[in-house]
């Protein structure tokens, strides 16, 4: 899908509705199409969109923000990082994101104004760090979900553990609980992700960890009338 966008250079012109179809986003995001179109958000702006931008556009649910930012990361990765990203780099990025989140919470708790017994919506900086961590995790999961990694037990186990931790993180952030309780659980998840990354970096000498992706150009021919590109769970087919 990003290949199509990259080759015909429509980043600056792609509307959000087409973006949703091309990257196979869930139907639940269709409710936001009119908001993106009303603000005339184009492809270039989509590639740079942030958590705060989504908040301003009315995309307030963390899960929906994750879906959009994950898809944006996918396009950005193909546009900017195809020749440089590899498994090791993605593991390091996830570790950096988990460290950043833990450091943010620790720093926040040192503030004289901190009150962990309250029950209110976390600050945007906290949510931004959470979304960035999940985005880094999903970028790594995208690699782990490809051949040949899917056929290697250690990588499959690593993928399943990361998925479960991301689900725990998303659930925790959306729960109605005290600030301190939420931060404790988020820190525990971030610490577990950090441990997974450290183990992966220390224990593996597999050359696949340092191998970059390659992009193959595919030409579709003999498409019958009425048939075309359709959205599927894995993207476009």
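Residue numbers (this note's numbering): 19 to 255. Each residue gets a CB set at the ideal place from its N, CA and C atoms; glycine is no exception.
Item, Value
"Assigned secondary structure, residue 142 (DSSP; H/G/I helix, E/B strand, else coil)", "helix"
"Residue 139 classed as buried or exposed, judged by whether at least 16 other C-beta atoms fall within 10 angstroms", "exposed"
"Inter-residue Cα distance where the pair is residue 192 and residue 172", "31 Å"
"Residue nearest to residue 66 in terms of C-alpha spacing, selected from 152, 51, 88", "88"
"For residue 84 and residue 53, the rounded distance between their alpha carbons", "17 Å"
"Where the alpha helix (DSSP H) containing residue 117 begins and where it ends", "105 to 127"
"Residue 53 in three-state terms, based on DSSP", "helix"
"Endpoints, the alpha helix (DSSP H) within which residue 173 is located", "171 to 192"
"N-terminal and C-terminal residue of the alpha helix (DSSP H) that residue 64 is part of", "61 to 65"
"Segment contact, 8 Å Cβ cut-off, at least three pairs: the stretch 174 to 183 with the stretch 121 to 138", "no"
"Range of the contiguous alpha helix (DSSP H) that encloses residue 71", "69 to 74"
"Local Cβ density within 10 Å of residue 214, reported as buried at 16 or more and exposed below that", "buried"
"Chain B contact for residue 145 (CB, 9 Å cutoff)", "Absent from the structure is chain B; it holds one protein chain and no more."
"Member of 144, 159, 194 whose CA lies at the smallest distance from the CA of residue 136", "194"
"Per-residue DSSP class, three states only, for residue 79", "coil"
"C-beta contact flag for residue 212 and residue 117 at 9 Å", "yes"
"Test item: CB-CB of residue 14 and residue 198 under 9 Å", "Within the shown structure, residues of the chain are numbered from 19 to 255, placing residue 14 beyond reach of any answer."
"As assigned by DSSP and simplified to three states, the class of residue 164", "coil"
"Rounded separation between residue 60 and residue 72 - CA only", "14 Å"
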